[in-house]
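Visitor: With the numbering used here applied, the sequence shown covers 58 to 261. The C-beta atom is built at its ideal place from N, Cα and C for all residues, glycine as well. Would you mind keeping the following structure in view while I ask a few things?
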Amino acid sequence: MNTKIKICGISSLETIEVLNHMKADYVGFVFANSRRRVSLEKAMEIARRLDPNIQRVGVFVDETVENINLIRSKVGLDIVQLHGNESLEYIGKLGGSIWKALPGNTDSAKKCISYLEKVEKVLLDAMTQTSPGGNNQTLNWNKINGFVPKERLVLAGGLNTSNVREAICALSPSVIDVSSGVETEGKKDDMKIRKFMEEVRNAR
């Protein structure tokens with residue numbers, strides 16, 4: 058199984074060229090409160106310029122179903138990624154292709170089983186009470202091995218060009234999700250994106 062690549066936290070038109078050229082598999086737009094938050098209008102503009110083969114992922118935290126559906130329609134989101142306290146009932150109402158983010162710790166083992174009945178993939182990240190992801194903290198891969206079937210695992214948490222090959226060898230995730238690991242001074246760095254994607258593809 059080839060591990061796919063998601064570049065998350067896209068908020069600038071300048072990043073589009075490298076994403077299209079390197080053929081990212083997924084691009085993430087953050088609509089939750091975050092320094093990477095993107096406006097609806099900017100997300101729509103970026104989405105229009107992306108290669109149509111790149112899947113658009115919208116990241117939300119405890120947002121209303123109505124608002125998610127509005128954004129999903131306007132941006133053309135292929136996937137909704139949930140990082141809050143969304144219940145199984147909520148997910149059932151939302152419908153469509155959904156990834157659910159959970160903390161990459163032993164407390165999430167049982168939750169993974171429950172959510173896998175309702176969602177397409179489970180994303181394991183170094184989440185905290187104050188930060189639902191994208192905080193550059195690395196997971197202990199050995200402790201989370203087996204929580205989620207490999208073909209349904211999205212791995213995030215402190216990934217960068219130095220450790221992503223090791224992460225893939227350890228867990229063989231379906232998707233690798235990176236944000237801060239391809240940034241310089243808080244902004245997406247084209248060279249880091251290229252290098253990161255090369256590392257992932259060479260590890261396959």
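If you draw a straight line from the C-alpha of Glu223 to the C-alpha of Asn59, how long is it?
Guide: 15 Å
Visitor: Taking the alpha-carbon positions, what's the Leu70 to Ala100 distance?
Guide: 9 Å
Visitor: Assuming contact is defined by CB atoms lying nearer than 7 Å, are Trp156 and Ile125 in contact in what I supplied?
Guide: no
Visitor: Should the stretch 251-259 be called in touch with the stretch 100-113, which here means at least 3 C-beta pairs below 8 Å?
Guide: no
Visitor: When DSSP builds the beta bridges, which residues end up paired with Asp182?
Guide: Asp182 pairs with Pro160.
Visitor: Under 7 Å between the Cβ atoms of Gly161 and Gly214?
Guide: Between Gly161 and Gly214, the C-beta spacing is below 7 Å.
Visitor: Please state if the CB of Lys178 and the CB of Arg209 are separated by a distance shorter than 7 Å.
Guide: yes
Visitor: Note down, one range per segment and in chain order, each beta strand (DSSP E) of at least 3 residues found wholly within the stretch 90-135.
Guide: 112-117
Visitor: Roughly how far, in whole angstroms, is the beta-carbon of Val232 from the beta-carbon of Lys63, given that I think they are within contact range, below 8 Å?
Guide: 6 Å
Visitor: The beta strand (DSSP E) spanning Phe86 covers which residue range?
Guide: 83-87
Visitor: With DSSP as the reference, label Ile67 as helix, strand or coil.
Guide: coil
Visitor: For Ile170, which beta-bridge partners are listed by DSSP?
Guide: Answer is none; Ile170 lacks a bridge partner.
Visitor: Drop a sphere of 10 angstroms on the beta-carbon of Asp119, count the other beta-carbons inside from all chains shown, and report buried for 16 or more, exposed for fewer.
Guide: Counting Cβ neighbours within 10 Å, Asp119 comes out exposed, since fewer than 16 surround it.
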